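Protein chains: 2
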Amino acid sequence: MKIQLNENYKQLQESYLFAGIAKKVSAYSQAHPDKKIIRLGIGDVTLPLTPTVIQALQKAVGEMAVQETFRGYPPEAGFDFARQAVVDYYGRRGTKLDLCEVFVSDGAKSDCANLTELFGDNPVLIPDPVYPVYLDSNLMCGRKVTFLQATQENGFLPMPEGLTGEGYLIYLCSPNNPTGAVYNKEQLTQWVDFARRSGSLILFDAAYEAFIHGDYPHSIYEIEGARECAIEICSLSKTAGFTGTRCSWTVVPVELTAGGMSLRDMWERRQATKFNGVPYIVQRAAQAALSPQGIRECQGLVDYYMENARSISALLDKKGIFYTGGQSSPYIWMRCTGNMDAWTFFDYLLENVQVVGTPGSGFGACGEGFFRLTSFGSHEATKEAIARLDSLL
Amino acid sequence: MKIQLNENYKQLQESYLFAGIAKKVSAYSQAHPDKKIIRLGIGDVTLPLTPTVIQALQKAVGEMAVQETFRGYPPEAGFDFARQAVVDYYGRRGTKLDLCEVFVSDGAKSDCANLTELFGDNPVLIPDPVYPVYLDSNLMCGRKVTFLQATQENGFLPMPEGLTGEGYLIYLCSPNNPTGAVYNKEQLTQWVDFARRSGSLILFDAAYEAFIHGDYPHSIYEIEGARECAIEICSLSKTAGFTGTRCSWTVVPVELTAGGMSLRDMWERRQATKFNGVPYIVQRAAQAALSPQGIRECQGLVDYYMENARSISALLDKKGIFYTGGQSSPYIWMRCTGNMDAWTFFDYLLENVQVVGTPGSGFGACGEGFFRLTSFGSHEATKEAIARLDSLL
């Protein structure tokens, strides 16, 4: 064909990190069908949906079977009942949102990535290491990215010190994926103050807020002034085990404007034009998950996983291996042993003990020499993985 | 803020067509709470999901409640069982696809719109009138659009005659939304030949193929050479009543390359990076809908709606009002009476008989003076609407 393709795709690494891991594991699995692999790699949950959510799904499926209660096209931004459930969820933590600022969608990944469409040519600040979607989605549309180095020295929490430009798009993820580092109120206040001073926009990924333990902000809107400089993305994937059920939301405060355009209105237009809403049955499930009873059940999921985090931490403590995370995050971010680089360590664990983790370098250059383990396995699988790692490391 | 926003949004009309209609209807409804509105506007289905689909949903919800059968992240391109169901569906009509060419997604709207990201700066050809998403999604990324005029004279089926450029992105929709016009094999062959000759890419929207009656191609791949020049988008929204359940697919043949890049690989990368797959339970529903029994049940839905199309057609015949569609399409495309323009006619029907249709001008300049009615209502509501229209027109 003689059409022009999007040449920016050539800037991307060959495969999306997790797709790349899946391929390696699949190849190993086919070559060694007798070996039982334990996956502590991709951050995927393993516990089933909770009873309240299942009941809501069953009821909604029943409604779809009967003409009187059947639902067609959902509103692109979400049914009011689902948007209200999000508003109430924030409200119970003292954060006030308006219904029109909440956009229900099929995933934090979609929203993070699709939000790039609203912007022109701005300098982009992305932590390193971090969830790869921020970088890839900006590369795909040809934007220039500067990394905020997250290292052992700064506790994996880069701060705005030394930044002198203005009009940045700033990605923050707290608790951080993959390092598990969490910004406290004072640190987030510094970021919000910087964003307001420099006319920048913070894209705040709160997907792991349910894992926060202790006095850390769950939402950027707990910081004064954040409504003037921040979009927040959150998800039920980790909170309620929705990785296979797909529901998230994005908050775009009405205060966000630039050059006379409203970001909320633009996002509404984007979603109405390029998205057709989340399935009715899934929105009912989301409403149930966010109800007080639903959240109590979700806390049970979080508690279960955090027991895994404690077990993994205990092993690393015993071995004297440096790590962060596992306190307010389902992730353990450990230093690779034997001075191995991250992919070598990945292969080392896969080949010797069939434990799959995520190479830190897949999250950015600063992740080299580190490795991410998740606590999303079952207790049994995690114990087995710990025993195997204990024998190897 | 001092960030740059995507200025292309200023090229868009104020609101997405159907969102605009919804607002007008809502305002009327609030002002006249006693009036019963009949909606033959947005192309939304009204019959419930079929028994086979409901059973599949119930079973899948049950699986999500139990750890052993719980499913986390779906593959971004769809579970193999869902992709295979699409391959088999085409196979039963004699069209051979490979599993890796089928991408399951949450909606034809999303795919149509998101596909624009894969391209550089190419001339775009879009029929007028047509589904507004093609135009809006291209305006959003700043591409120049040329319209293919669909008029009463060419039977609302524009052909490539007179086109002399190359490397076009060509949108075709057959059966057409809104006019209901369908390309026959000879006409589609002319388009495929033109695309191959000019190095162009056809984006073929087959969302209404289940309504085809008679010897028309259901898929562009029934035309020789189409695999070298066409992407196809199709959906269960209208076929299986999935407007509120959300599942569609896009076919990107491996033959599609330009400048050394593979469109299939690019779309796989796009979806892996910016999308997290369709809910497991919905993919099971889609598999069920596409099974031989599922398709038999879907045919029942189509037959039901087409009875409405015949009733609406009969009224227009009686009144001597020009129209097309309603044969291989759920849409009736009628000329507004009394020389009214389309929005005036919209208001006229809403205010006098509370029947909501879609103004033809919302689908493009050539749609001015026309009006779209859908056959997706219940028999009862449609009969009532026909009686009201009979009294007014």
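First to last, the sequence lines map onto chains R and U. Per our numbering, the first sequence runs over residues 1 to 393. Per our numbering, the second sequence runs over residues 1 to 393. Where is the CB? At the ideal position from N, CA and C, for every residue including glycine. All of these numbers come straight from a predicted model, not from anything done at the bench.
Review point. What residues from the segment 253 to 277 of chain U come within 8 Å of chain R, judged by C-beta to C-beta, listed N to C?
Key: Those residues of the segment 253 to 277 of chain U that come within reach of chain R (Cβ to Cβ, closer than 8 Å) are 256, 257, 258, 259, 261, 263, 266, 269, 270, 272, 273, 274, 275, 276, 277.
Check your understanding: What's the call for residue 31/U, buried or exposed, on a 16-neighbour Cβ count within 10 Å?
Key -> The residue you call residue 31/U lines up with position 31 of the second sequence. Result: exposed.
Check your understanding: What are the start and end residues of each continuous alpha helix (DSSP H) run of 4 or more residues lying completely inside the segment 217 to 255 of chain U, in chain order?
Key -> none
**Study point:** Short CB-CB distance (under 9 Å) between residue 136/U and chain R
**Key:** In the second sequence, counting from the first residue as 1, residue 136/U sits at position 136. Output row for residue 136/U: interface = yes.
Practice item. Express the C-alpha separation of residue 301/R and residue 235/R in angstroms, rounding to a whole number. Key: Here residue 235/R refers to the residue found at position 235 when the first sequence is read from its first residue. Here residue 301/R refers to the residue found at position 301 when the first sequence is read from its first residue. Cα to Cα, residue 235/R sits roughly 15 Å from residue 301/R.
Practice item. Using 10 angstroms around the beta-carbon of residue 91/U, count the other beta-carbons present and answer buried if the total reaches 16, otherwise exposed. Key: Here residue 91/U refers to the residue found at position 91 of the second sequence. By the neighbour-count rule (16 or more Cβ atoms within 10 Å), residue 91/U is not buried but exposed.
Review point. With residue 38/U and residue 297/U assumed to form a contact (beta carbons below 8 Å), what rounded beta-carbon distance in angstroms separates them?
Key: Here residue 38/U refers to the residue found at position 38 when the second sequence is read from its first residue. Here residue 297/U refers to the residue found at position 297 when the second sequence is read from its first residue. Going by Cβ atoms, the distance from residue 38/U to residue 297/U rounds to 26 Å, so no, they are not a contact pair.
Check your understanding: Does residue 348/R get closer than 9 Å to chain U when you measure Cβ to Cβ?
Key -> As a working note, residue 348/R is residue 348 in the first sequence. Contact of residue 348/R with chain U is not assigned, every C-beta pair being separated by 9 Å or more.
Review point. Taking C-alpha atoms, which residue in 161/U, 152/U, 203/U, 195/U lies nearest to residue 135/U?
Key: Locating residue 135/U in the second sequence gives position 135, where the first residue counts as 1. Nearest C-alpha to residue 135/U: 203/U.
**Study point:** Against chain U: residues of the segment 53 to 71 of chain R by CB proximity under 7 Å
**Key:** 54, 57, 58, 61, 64, 65, 66, 67, 70, 71
**Study point:** Outcome for residue 310/R when other beta-carbon atoms lying within 10 angstroms are tallied against a minimum of 16
**Key:** The sequence position of residue 310/R within the first sequence is 310, counting from 1. Looking at its Cβ environment, which holds fewer than 16 other Cβ atoms inside 10 Å, residue 310/R is exposed.
Check your understanding: Can you find at least 3 beta carbon pairs, one from the segment 330 to 338 of chain U and one from the segment 179 to 189 of chain U, that sit closer than 8 Å?
Key -> yes
Exercise for review: Have a look at 61/U, 55/U, 19/U, 40/U and flag the residue whose alpha-carbon is nearest the alpha-carbon of residue 380/U.
Suggested key: Counted from its first residue, the second sequence places residue 380/U at position 380. For the residues 61/U, 55/U, 19/U, 40/U, the minimum Cα distance to residue 380/U belongs to 40/U.
Exercise for review: Take residue 124/R and list the residues in its own chain whose beta-carbon comes closer than 6 Å to its own, dropping the five residues that flank it on each side.
Suggested key: Working through the first sequence from its first residue, we reach residue 124/R at position 124. For residue 124/R, where only same-chain residues beyond five positions count, the Cβ hits under 6 Å are 138, 143, 145, 169.
Check your understanding: What first and last residue would you give for the alpha helix (DSSP H) that runs through residue 9/R?
Key -> Here residue 9/R refers to the residue found at position 9 of the first sequence. Residue 9/R -> no alpha helix (DSSP H), and no H or E assigned at all.
Exercise for review: Could you tell me whether the segment 317 to 325 of chain R touches the segment 64 to 84 of chain R, using the rule of 3 or more Cβ pairs below 8 Å?
Suggested key: no
Practice item. Within its chain, find whatever has a CB closer than 8 Å to the CB of residue 71/U; leave out the 5 residues flanking it on each side and keep chain order. Key: As a working note, residue 71/U is residue 71 in the second sequence. Hits under 8 Å: 63, 64, 280.
**Study point:** Spatial neighbours of residue 345/R in its chain, beta-carbon cut-off 6 Å, leaving aside the 5 residues before and after
**Key:** Position 345 of the first sequence holds residue 345/R. If we look at residue 345/R and ignore the five residues flanking it on each side, its Cβ neighbours are 336, 371.
Practice item. Below 7 Å CB to CB, which residues in the same chain sit around residue 308/U once its five sequence neighbours on both sides are set aside? Key: Position 308 of the second sequence, counted from the start, is the residue given in the question as residue 308/U. Excluding sequence neighbours, residue 308/U sits near 375, 377, 379, 382.
Review point. Closer than 8 Å, Cβ to any Cβ of chain U: which residues of the segment 110 to 122 of chain R, in chain order?
Key: 110, 113, 114, 117, 118, 119, 120, 121, 122
Point to revise | Among 325/R, 389/R, 291/R, the one whose alpha carbon lies nearest that of residue 351/R | key: Start at 1 with the first residue of the first sequence, and residue 351/R comes out as number 351. The option with the nearest alpha carbon to residue 351/R is 389/R.
Exercise for review: Just the C-alpha distance for residue 259/U and residue 2/R, rounded to the nearest angstrom, thanks.
Suggested key: Numbered from 1 along the second sequence, position 259 holds the residue referred to as residue 259/U. Numbered from 1 along the first sequence, position 2 holds the residue referred to as residue 2/R. It is roughly 8 Å from the alpha-carbon of residue 259/U to the alpha-carbon of residue 2/R.
**Study point:** Given residue 36/U as reference, the closest of 270/U, 117/U, 353/U once Cα atoms are compared
**Key:** The residue you call residue 36/U lines up with position 36 of the second sequence. Residue 36/U has its Cα closest to that of 353/U, out of 270/U, 117/U, 353/U.
Review point. Is DSSP giving residue 258/U helix, strand or coil here?
Key: Locating residue 258/U in the second sequence gives position 258, counting from the first residue. Residue 258/U: strand per DSSP, three-state reduction.
Check your understanding: In chain R, what lies closer than 7 Å to residue 133/U by C-beta?
Key -> Taking the first residue of the second sequence as 1, we reach residue 133/U at position 133. Under the 7 Å cutoff, chain R gives 273.
**Study point:** Contacts that residue 6/R makes with chain U (C-beta to C-beta distance below 8 Å)
**Key:** If you number the first sequence from 1, residue 6/R lands on position 6. Ordered by position in chain U, the residues that pass the 8 Å Cβ test against residue 6/R are 117, 118, 119, 120, 266.
Practice item. Just mark residue 394/U as buried or exposed, buried being the case when its beta carbon has 16 or more other beta carbons within 10 Å. Key: One cannot answer for residue 394/U here, as it falls past the ends of chain U, which runs 1 to 393.
Practice item. Count the CB pairs spanning the segment 188 to 200 of chain R and the segment 218 to 225 of chain R that are closer than 8 Å, and state whether there are at least three. Key: yes
Review point. Along chain U, which residues have their Cβ under 8 Å away from the Cβ of residue 42/R?
Key: Looking up residue 42/R in the first sequence gives position 42. The contacting residues are 73.
Practice item. Mark residue 176/R as exposed unless 16 or more other C-beta atoms lie within 10 angstroms of its C-beta, in which case mark it buried. Key: Taking the first sequence and counting its residues from 1, one reaches residue 176/R at position 176. Residue 176/R comes out buried.
Check your understanding: Of all the CB atoms in chain R, is at least one closer than 9 Å to the CB of residue 81/U?
Key -> As a position in the second sequence, residue 81/U is number 81, starting the count at 1. So no, residue 81/U is outside the interface.
Point to revise | Whether residue 254/U touches residue 98/U by CB criterion (9 Å) | key: Mapped onto the second sequence, residue 254/U falls at position 254. Mapped onto the second sequence, residue 98/U falls at position 98. Yes; because the gap between Cβ atoms is below 9 Å, this pair is in contact.
**Study point:** Selection from 261/U, 174/U, 265/U, 240/U that minimises the alpha carbon distance to residue 299/U
**Key:** By one-based count along the second sequence, residue 299/U stands at place 299. Of the candidates 261/U, 174/U, 265/U, 240/U, the one whose C-alpha sits nearest the C-alpha of residue 299/U is 240/U.
Check your understanding: Smallest Cα separation from residue 285/U: which of 54/U, 271/U, 306/U?
Key -> As a working mapping, residue 285/U is identified with position 285 in the second sequence. Looking only at 54/U, 271/U, 306/U, the smallest Cα-Cα distance to residue 285/U is reached by 54/U.
**Study point:** Cut-off 6 Å between Cβ atoms - residues of its own chain near residue 263/U, not counting five sequence neighbours on either side
**Key:** Taking the second sequence and counting its residues from 1, one reaches residue 263/U at position 263. So the qualifying residues of the chain are 252, 256.
Point to revise | Residues of its chain near residue 166/R, where Cβ-Cβ distance is below 6 Å and the 5 sequence neighbours each way are ignored | key: As a position in the first sequence, residue 166/R is number 166, starting the count at 1. Counting only Cβ-Cβ distances below 6 Å, and skipping sequence neighbours, we find 198, 199.
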